[in-house]
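Undergrad:
4 protein chains.
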Amino acid sequence: MFREVWTSAAPLRWGMVGGGQGSEIGYIHRSSACRDGGFKFVAGALDVDAERGREFGVKLGLSPERCYSDYKTMFAEEAKREDGIQAVTICVPNFLHYEVSREALLAGLHVVCEKPLCFTLEEAEELKALAIEKNRMFGVTYGYTGFPMVHQARQMIARGDIGDVRIIKMQFAHGFQTHPVESKSAGTAWRVNPKTSGSTYVLGDLGTHCLYMSQMMVPGLEIEKLLCTRQSFVASRAPLEDNATVLLQYKGGAVGTLWATSVNAGSTHQQKIRVIGSKASIEWWDEHPNQLSYEVQGEPVRILEHGMDYLYLDDEMTASNRMGSGHSEGLFESWSGMYRRFAECCQKLDGGAKLLDVLSGTWVPNILDGVEGVRFVEHCVESADNGSLWVEYI
Amino acid sequence: MFREVWTSAAPLRWGMVGGGQGSEIGYIHRSSACRDGGFKFVAGALDVDAERGREFGVKLGLSPERCYSDYKTMFAEEAKREDGIQAVTICVPNFLHYEVSREALLAGLHVVCEKPLCFTLEEAEELKALAIEKNRMFGVTYGYTGFPMVHQARQMIARGDIGDVRIIKMQFAHGFQTHPVESKSAGTAWRVNPKTSGSTYVLGDLGTHCLYMSQMMVPGLEIEKLLCTRQSFVASRAPLEDNATVLLQYKGGAVGTLWATSVNAGSTHQQKIRVIGSKASIEWWDEHPNQLSYEVQGEPVRILEHGMDYLYLDDEMTASNRMGSGHSEGLFESWSGMYRRFAECCQKLDGGAKLLDVLSGTWVPNILDGVEGVRFVEHCVESADNGSLWVEYI
Amino acid sequence: MFREVWTSAAPLRWGMVGGGQGSEIGYIHRSSACRDGGFKFVAGALDVDAERGREFGVKLGLSPERCYSDYKTMFAEEAKREDGIQAVTICVPNFLHYEVSREALLAGLHVVCEKPLCFTLEEAEELKALAIEKNRMFGVTYGYTGFPMVHQARQMIARGDIGDVRIIKMQFAHGFQTHPVESKSAGTAWRVNPKTSGSTYVLGDLGTHCLYMSQMMVPGLEIEKLLCTRQSFVASRAPLEDNATVLLQYKGGAVGTLWATSVNAGSTHQQKIRVIGSKASIEWWDEHPNQLSYEVQGEPVRILEHGMDYLYLDDEMTASNRMGSGHSEGLFESWSGMYRRFAECCQKLDGGAKLLDVLSGTWVPNILDGVEGVRFVEHCVESADNGSLWVEYI
Amino acid sequence: MFREVWTSAAPLRWGMVGGGQGSEIGYIHRSSACRDGGFKFVAGALDVDAERGREFGVKLGLSPERCYSDYKTMFAEEAKREDGIQAVTICVPNFLHYEVSREALLAGLHVVCEKPLCFTLEEAEELKALAIEKNRMFGVTYGYTGFPMVHQARQMIARGDIGDVRIIKMQFAHGFQTHPVESKSAGTAWRVNPKTSGSTYVLGDLGTHCLYMSQMMVPGLEIEKLLCTRQSFVASRAPLEDNATVLLQYKGGAVGTLWATSVNAGSTHQQKIRVIGSKASIEWWDEHPNQLSYEVQGEPVRILEHGMDYLYLDDEMTASNRMGSGHSEGLFESWSGMYRRFAECCQKLDGGAKLLDVLSGTWVPNILDGVEGVRFVEHCVESADNGSLWVEYI
């Protein structure tokens with residue numbers, strides 16, 4: 002079942018905005034992007050403290066002159082080089098996503114950006130239009146979707162293994178902000194500040210993961226209307242929420258519930274999705290990411306394991322699978338699978354394919370999904386701020 | 002930690018309405034009521050088919066003449082006997098709860114009735130008033146609340162072990178009605194028929210269990226408003242729902258989510274409650290009823306086991322505990338603990354105590370909880386039938 | 002799947018030797034024996050302290066004159082009554098099992114005795130011969146074998162669902178004697194004293210449960226030789242062990258490992274059996290007694306749930322099943338199922354059937370299994386005391 | 002808790018013997034060795050089919066001229082280059098470990114070799130002596146020991162958190178050879194052939210992992226004697242076993258049990274270790290590698306999570322931790338941590354330190370552990386082949 006994963010083409014020259022020393026997410030990006038040879042890390046504007054950023058970049062193997070003080074300088078200087086960067090990853094606080102992504106596209110770069118994509122649907126649509134116009138790849142790092150078993154679930158649902166989809170239960174429910182830790186943690190502080198985080202905290206930070214996971218597993222499903230209620234249990238976080246529940250009504254009669262929280266005391270993750278159909282349910286849980294629970298009504302629950310012969314393999318899933326069954330894959334492998342697909346998309350675009358064509362042929366979180374995430378958050382806020390009433394999903 | 006459980010007084014002479022041959026719930030009632038010597042089974046109107054009922058009653062050890070064709074006859078005839086019944090359990094389809102309970106109280110009997118108590122809040126309030134007037138015990142069989150660990154959770158929350166309550170997640174989510182089994186199952190057929198089941202199915206049948214569990218664990222909590230959405234995924238069940246989600250806003254800022262469903266394909270039970278506080282969470286799951294998960298933010302998750310010395314014992318909990326740690330207790334023990342408390346309440350009333358005084362001093366599901374269950378269901382229906390809008394909880 | 006369990010005949014008049022106030026095991030015996038109407042508790046020699054025993058017996062509903070000071074008096078006096086006891090349960094420390102059982106058989110009583118049956122194989126064989134001669138039922142309380150899923154496993158193995166049996170892994174591994182608690186606990190003190198416990202502690206107390214479970218699930222399997230190593234980690238317990246491991250070689254090539262311990266720190270039970278075959282494995286664990294894990298090589302693990310339609314039902318298993326799927330059954334139900342079968346066997350013998358014929362037609366732990374348990378313990382001790390060498394199993 | 006992991010020095014020029022196309026283990030070696038910049042992959046003798054090896058090497062980024070037809074040529078040619086390899090990993094079938102390792106050391110290379118190290122203790126001791134003489138690092142890939150929680154367990158045991166060690170339960174028990182798959186699987190075929198695998202299969206392949214894990218967690222423990230029983234359930238594998246059980250007697254009174262099998266039908270891994278002490282037990286399971294179960298007798302079980310503040314951190318453990326709590330790490334991270342330590346050791350030796358000094362100051366599986374593994378296997382075979390008697394451990 003193992004298949005060595007390696008991109009066929011030469012690596013893309015790649016830079017980073019953000020992700021400096023002490024950034025966990027920066028480390029994950031670098032580890033994953035370069036894992037399969039899809040990207041080669043050659044430049045960075047890694048830190049708001051330019052000196053610290055340079056020092057760290059050199060430690061990571063960059064040439065000192067390609068450690069830039071800010072992203073604008075990086076884009077300008079790299080553009081002058083024959084061996085300048087072809088792609089850039091943006092992992093800075095949310096409020097900068099829009100402007101950096103925009104500049105990167107204008108500089109002709111392929112872009113990978115953290116979620117949530119940006120603050121407003123207008124901005125998101127503009128980025129989308131720009132990506133299409135420039136014909137550049139634009140990936141959005143919904144990083145849990147590289148696990149083989151997530152693709153297995155998608156494929157089983159598409160084949161009708163659970164019957165008609167009736168109910169989707171989604172949650173991402175950790176407890177790391179149970180206490181007002183923002184006074185001590187910079188990583189929390191910017192997330193609970195509207196200026197840097199936008200109009201939401203957990204809806205954008207956690208809820209969009211759930212949303213994308215559901216869209217990946219059940220791609221045909223369209224939201225008809227939704228209702229959101231949100232709370233700031235640590236009061237100083239208001240108006241940003243640390244807990245939110247969203248009810249979803251899909252077209253055709255299915256319903257959903259989404260719970261995003263960072264005050265689920267004692268929990269370290271608890272990201273789960275359960276899709277319930279007219280014949281069976283399928284459940285994936287990020288704490289056992291190499292298993293799927295497949296539960297046909299009236300039959301014993303079956304625990305499917307990654308890497309086994311009985312899986313319904315397609316190329317997407319095979320390509321996600323780095324080990325034989327029994328060996329645990331973790332979040333790095335999920336991200337690496339995602340970045341490998343980013344690289345493949347970039348290569349196709351560089352070979353002349355068109356963005357929307359490329360995206361329609363693969364399963365990788367991209368600008369379209371980023372737009373949907375922003376749309377979703379906007380509707381949630383509209384509902385929550387209007388007494389938690391239903392809002393049509395447009 | 003083990004303490005032999007046995008009621009001190011003579012058993013109450015006890016009859017049943019319903020619970021005839023093939024009734025699982027009837028069997029649980031009998032097994033539990035007589036377990037600790039609180040009740041002695043002496044009479045029954047067990048079946049709509051009088052002959053079948055008599056035959057079955059005799060098999061269970063009743064005298065033939067005390068196997069009655071209907072409850073009215075039973076109440077009348079038993080009243081004439083010196084050794085007539087003192088208490089009666091009513092386990093008939095929902096639409097009969099009100100009238101049989103009313104007649105039983107009028108006949109001067111202590112009553113135990115299945116949930117949901119009745120169809121309307123008016124009826125429920127009438128039964129409550131009548132029970133107070135007649136000073137008869139009126140138990141309602143929320144049968145999961147006899148587990149020692151449920152009482153342990155209540156006590157820990159009361160002591161502040163989780164801090165201020167913020168969020169309550171409740172669910173009772175099985176899949177036994179995934180398919181339209183009502184064509185073959187009489188037990189499902191009456192439940193999805195409004196004439197026999199009332200205005201709801203899973204809200205009354207499952208959701209009221211969740212509600213009572215939350216009220217038992219967090220007794221001070223008052224609902225301020227709620228919102229309900231319900232669906233009939235097997236369309237022929239409409240207007241009765243086979244899936245429902247309720248959002249709850251409590252006074253003081255806490256929130257809740259309640260999911261009741263019988264179309265959770267592949268699941269056999271999945272009744273869970275998680276109470277999340279400002280310091281810790283506590284979770285009980287009926288599939289591991291002898292454990293509690295106690296999760297203090299920033300500390301390792303602790304798995305508490307029934308029967309261990311480290312538990313915070315009070316008399317209520319000790320009295321619920323029939324075995325040492327490591328030995329599994331099941332639903333029968335939970336029910337038996339509940340019935341033992343029913344018996345103790347009856348004895349106190351017979352000794353001259355007043356109903357409301359007795360109820361305020363113990364933790365046993367009773368008429369007041371039954372009324373609350375009906376109130377809850379009414380508000381849910383009101384919300385669901387009005388576009389799933391918020392309704393004030395009065 | 003639910004079937005009401007009730008014995009058809011009149012209850013047998015039943016007494017107890019031991020099981021007085023504060024005895025957990027006494028409580029389990031009484032609760033289980035009387036559960037289905039198979040036995041009626043009418044007499045007892047419950048306590049070495051005669052007065053305390055009488056007081057407790059009366060509290061349990063016995064007539065004062067049938068609360069005896071010792072078992073000899075009870076057997077003699079009851080024999081004079083027309084309504085004297087027909088059956089007796091013996092739950093006294095191990096060193097008394099032989100003499101009380103012998104006297105009971107001589108008094109013409111059906112017997113139920115705690116395990117381990119007695120101290121020597123000679124005694125055990127004598128009891129067996131006497132039971133056959135007197136044609137009295139002789140049950141031995143391997144009380145975990147009443148769970149429906151244990152019978153399901155037996156049936157699946159018999160049908161070839163796992164192929165040829167290769168390996169049996171057995172364990173009963175709690176930690177309640179991690180510390181030298183015998184100084185404070187009378188229940189531990191007699192168990193670690195050779196005078197009252199015999200030549201072993203955990204081998205007899207826990208290991209025989211494992212052995213019987215394996216014999217019940219795989220009845221054809223014969224031990225060819227075994228090797229035992231045992232330790233007294235609390236040194237004052239020597240020569241009695243608090244930890245033991247047994248290697249088993251079965252005729253035909255299968256092998257087994259059995260681990261019995263009471264110093265598995267932090268564990269409350271951990272009784273498990275896994276039978277591994279040439280096609281699949283099947284595993285039962287007493288902490289989830291209503292489930293079986295069925296694991297076909299190359300297929301997803303299946304979790305079988307009690308009470309479901311997909312189970313391979315035979316009468317034995319159906320008769321063990323008191324609830325529908327999703328409702329948890331516990332140890333009391335397992336014991337009750339065992340006692341119901343004891344009653345049925347007694348009734349058959351009273352009806353003229355012969356003991357060995359009756360035993361060969363049902364699955365209930367009996368004198369033959371009790372003899373096997375003693376044989377097993379003797380061989381283990383022989384091996385352990387001779388440098389843990391292999392001993393032929395005769 | 003996150004700390005970016007990166008080696009400080011320049012990467013070592015590194016080659017591979019074996020690990021060609023389709024080799025899962027080869028992929029893991031490459032992914033891990035290069036992960037933190039400790040090694041740079043520059044040369045290989047990857048395949049017995051020289052052409053296929055060259056093609057694959059080029060695909061992986063090697064220069065064609067550094068893709069060698071065999072390891073001797075590689076060592077000779079690389080030695081002539083200024084930029085020749087400094088280290089080599091050997092992942093070929095067991096029978097080649099000795100000769101390739103020996104040649105590598107003679108060529109002055111740091112060595113990383115798969116386990117079991119070689120066939121005889123003599124060979125193993127020779128390799129050890131040679132490594133000391135040449136002062137070259139010699140790592141052995143017990144690849145599960147890079148998980149942070151394994152180091153956490155070691156540290157807790159060393160601090161006395163479980164009291165005195167009494168019992169060690171070890172198992173590595175998968176089912177992938179339940180059927181005679183060697184007819185179709187080359188990877189199985191060489192493992193069950195004595196010519197290529199040596200005197201054992203699962204003892205060397207799986208059992209040595211368990212042994213090393215126990216030695217890492219409880220470093221002071223010395224085996225006094227052991228007894229081994231082994232079987233070939235697929236008969237054609239004889240004399241190589243597909244199932245083995247080892248009883249261990251440690252100096253000082255502790256005991257152990259080790260189960261290694263590849264016929265545990267339905268299981269995909271099941272590598273576990275439980276260390277039981279006089280106060281508590283600690284258990285690690287490779288299917289939940291980011292958790293530890295810490296079970297103090299008389300207290301609730303605690304589930305420790307990687308990356309949390311409450312862990313007892315030392316530098317070794319911190320350096321193993323690549324992500325914050327809640328994010329799953331997998332086997333690649335474990336291997337990467339191991340290879341990072343290999344690199345650090347190489348750097349120290351290149352800086353003039355002496356091998357045994359370096360090894361005594363870190364926790365990384367090395368030649369000394371490799372020797373112990375061979376010693377263990379030899380004793381097991383000696384026992385098993387002599388009627389499974391106890392053998393003194395010398």
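Protein chains in written order, with my numbering: chain A, 2 to 395; chain E, 2 to 395; chain D, 2 to 395; chain U, 2 to 395.
In this text, a Cβ means the ideal position worked out from N, Cα and C, and glycines have one as well.
Just so you know, these numbers come straight off a predicted model, no measurement behind them.
For a contact defined as C-beta to C-beta under 7 Å, what are the partners of T201 of chain D on chain U?
TA: Taking the first residue of the third sequence as position 1, residue 201 of chain D is located at position 200. Per Cβ cutoff of 7 Å: no residues; T201 of chain D is ~17 Å from chain U at best.
Undergrad: I'd like to check one pair, A281 of chain U with A266 of chain D: are the Cβ atoms closer than 9 Å?
TA: Indexing the third sequence from 1 puts residue 266 of chain D at position 265. Indexing the fourth sequence from 1 puts residue 281 of chain U at position 280. Yes.
Undergrad: Over what stretch of residues does the alpha helix (DSSP H) that includes R155 of chain D continue unbroken?
TA: Here the question's residue 155 of chain D lines up with position 154 in the third sequence. Segment P149 to A159, the alpha helix (DSSP H) holding R155 of chain D.
Undergrad: Nearest by alpha-carbon distance to P220 of chain U: which of U:P366, U:G352, U:G39 and U:P195 is it?
TA: In the fourth sequence, counting from the first residue as 1, residue 220 of chain U sits at position 219. Looking at the Cα atoms, U:P366 is the closest of the given residues.
Undergrad: For M339 of chain D versus I283 of chain D, is the C-beta distance shorter than 9 Å?
TA: On the third sequence, position 338 is the one that residue 339 of chain D refers to. On the third sequence, position 282 is the one that residue 283 of chain D refers to. For M339 of chain D and I283 of chain D, no; Cβs fall outside 9 Å.
Undergrad: Taking only beta-carbon atoms, is D243 of chain U less than 9 Å away from chain A?
TA: Locating residue 243 of chain U in the fourth sequence gives position 242, counting from the first residue. Not one chain A Cβ lies under 9 Å of D243 of chain U.
Undergrad: Assuming C211 of chain D and L259 of chain D form a contact by the criterion Cβ under 8 Å, report the distance between their Cβ atoms to the nearest whole angstrom.
TA: The residue labelled residue 211 of chain D in the question sits at position 210 within the third sequence. The residue labelled residue 259 of chain D in the question sits at position 258 within the third sequence. Sure, about 5 Å apart at Cβ, within 8 Å.
Undergrad: So, helix, strand or coil for M171 of chain A, using DSSP?
TA: Counting from 1 along the first sequence, the entry for residue 171 of chain A is found at position 170. Here M171 of chain A sits in strand by DSSP.
Undergrad: At the level of alpha carbons, what is the spacing between L13 of chain A and F76 of chain A?
TA: Taking the first sequence and counting its residues from 1, one reaches residue 13 of chain A at position 12. Taking the first sequence and counting its residues from 1, one reaches residue 76 of chain A at position 75. Rounded to whole angstroms, L13 of chain A to F76 of chain A spans 15 Å at the Cα level.
Undergrad: Does H175 of chain E have its Cβ less than 9 Å from a Cβ in chain D?
TA: Position 174 of the second sequence, counted from the start, is the residue given in the question as residue 175 of chain E. So, interface residue.
Undergrad: Please classify P301 of chain E: is it buried, with 16 or more other beta-carbons within 10 angstroms of its beta-carbon, or exposed?
TA: Counting from one through the second sequence, the residue named residue 301 of chain E turns up at place 300. Buried is the call here.
Undergrad: Between the alpha carbons of L97 of chain D and G199 of chain D, how many angstroms are there, rounded?
TA: Residue mapping note: residue 97 of chain D aligns to position 96 of the third sequence, counting from 1. Residue mapping note: residue 199 of chain D aligns to position 198 of the third sequence, counting from 1. Distance between the alpha carbons of L97 of chain D and G199 of chain D is about 10 Å.
Undergrad: Considering only C-alpha positions, which residue in the set A:G253, A:E115 and A:L293 is nearest to R167 of chain A?
TA: Within the first sequence, residue 167 of chain A is the residue found at index 166, counting from 1. Taking only the C-alpha atoms, the option nearest R167 of chain A is A:G253.
Undergrad: Under 9 Å, CB to CB, which of the residues in the stretch 99–132 of chain D have a partner in chain E?
TA: Listed in sequence order: no entries.
Undergrad: Roughly how many angstroms lie between the CA atoms of P290 of chain E and G331 of chain E, to the nearest whole one?
TA: Counting from one through the second sequence, the residue named residue 290 of chain E turns up at place 289. Counting from one through the second sequence, the residue named residue 331 of chain E turns up at place 330. The alpha-carbon atoms of P290 of chain E and G331 of chain E are separated by roughly 7 Å.
Undergrad: Tell me whether C346 of chain E sits in a helix, a strand or coil according to DSSP, three-state version.
TA: Here the question's residue 346 of chain E lines up with position 345 in the second sequence. Of the three classes helix, strand and coil, the one that applies to C346 of chain E here is helix, per DSSP.
Undergrad: Is the closest heavy atom of the ligand GTP to the C-beta of E25 of chain U under 8 Å?
TA: Ligands are entirely absent from the displayed structure, and the ligand GTP is therefore not among its contents.
Undergrad: Buried or exposed: which applies to A11 of chain A, given that a residue is buried once 16 or more other Cβ atoms fall within 10 Å of its Cβ?
TA: Residue numbering aside, residue 11 of chain A sits at position 10 when the first sequence is read from its first letter. Its Cβ having fewer than 16 others within 10 Å, A11 of chain A is exposed.
Undergrad: Can you list, in chain order, the residues of the stretch 53–82 of chain U whose Cβ is nearer than 8 Å to any Cβ on chain D?
TA: Within the stretch 53–82 of chain U, no residue qualifies.
Undergrad: Any chance you could list the alpha helix (DSSP H) runs of at least 4 consecutive residues sitting entirely within the stretch 6–83 of chain A, in chain order?
TA: Correct list: 25–34, 51–60 and 72–81.
Undergrad: L107 of chain E: buried (16+ other C-beta within 10 angstroms of its C-beta) or exposed?
TA: Translated into positions along the second sequence, residue 107 of chain E becomes position 106. With fewer than 16 other Cβ atoms within 10 Å, it is exposed.
Undergrad: Compute the Euclidean distance between the alpha carbons of E225 of chain D and T246 of chain D, then round it to the nearest angstrom.
TA: Taking the first residue of the third sequence as position 1, residue 225 of chain D is located at position 224. Taking the first residue of the third sequence as position 1, residue 246 of chain D is located at position 245. Cα-Cα distance, rounded: 17 Å.
Undergrad: Quick one: list the residues of chain A neighbouring H328 of chain U, beta-carbon separation under 7 Å, in chain order.
TA: Position 327 of the fourth sequence, counting from 1, holds the residue named residue 328 of chain U. Correct list: L332.
Undergrad: Can you tell me where the alpha helix (DSSP H) holding S102 of chain A begins and where it ends?
TA: Residue numbering aside, residue 102 of chain A sits at position 101 when the first sequence is read from its first letter. Run containing S102 of chain A: H98 to L107, per the alpha helix (DSSP H) assignment.
Undergrad: When the Cα atoms are used, what is the spatial distance from A125 of chain U to P149 of chain A?
TA: Along the fourth sequence, one-based indexing puts residue 125 of chain U at 124. Along the first sequence, one-based indexing puts residue 149 of chain A at 148. Near 40 Å, if we compare the C-alpha coordinates of P149 of chain A and A125 of chain U.
Undergrad: Just checking: is the beta-carbon of L266 of chain E within a distance shorter than 9 Å of some beta-carbon in chain A?
TA: For the purposes of this step, residue 266 of chain E is taken as residue 265 along the second sequence, with counting starting at 1. One point to set straight first is that residue 266 of chain E is Ala, not Leu, in the sequence displayed. So yes, A266 of chain E belongs to the interface.
Undergrad: Does chain A have any CB closer than 9 Å to the CB of M157 of chain D?
TA: Counting from one through the third sequence, the residue named residue 157 of chain D turns up at place 156. M157 of chain D does not count as touching chain A.
Undergrad: Taking G380 of chain U as the reference, which of U:S361, U:L305, U:V89 and U:T230 has the closest Cα?
TA: Here residue 380 of chain U corresponds to residue number 379 of the fourth sequence, with the count starting at 1. The amino acid occupying residue 380 of chain U in the given sequence is His; Gly does not appear at that position. When only C-alpha atoms are compared, the closest one is U:T230.
Undergrad: Among the candidates U:M17, U:Q298, U:Q272 and U:A130, whose CA atom is the shortest distance from the CA of A44 of chain U?
TA: As a position in the fourth sequence, residue 44 of chain U is number 43, starting the count at 1. When each option's Cα is compared against that of A44 of chain U, the closest is U:M17.
Undergrad: Under 7 Å Cβ-Cβ, which residues of chain E neighbour T269 of chain D?
TA: Counting from 1 along the third sequence, the entry for residue 269 of chain D is found at position 268. Within 7 Å Cβ-Cβ: E306, S326 and G327.
Undergrad: Leaving out the 5 sequence neighbours to the left and right, which residues in its chain are closer than 7 Å to M2 of chain A when beta-carbon positions are compared?
TA: Against the first sequence, residue 2 of chain A aligns to sequence position 1. Only weak support is given to the placement of M2 of chain A: the predicted model assigns it a pLDDT of 47, under 50, and the question is left unresolved by the model.
Undergrad: Is the separation between the beta-carbon of V378 of chain D and that of G144 of chain D shorter than 9 Å?
TA: If you number the third sequence from 1, residue 378 of chain D lands on position 377. If you number the third sequence from 1, residue 144 of chain D lands on position 143. Contact flag unset, no.
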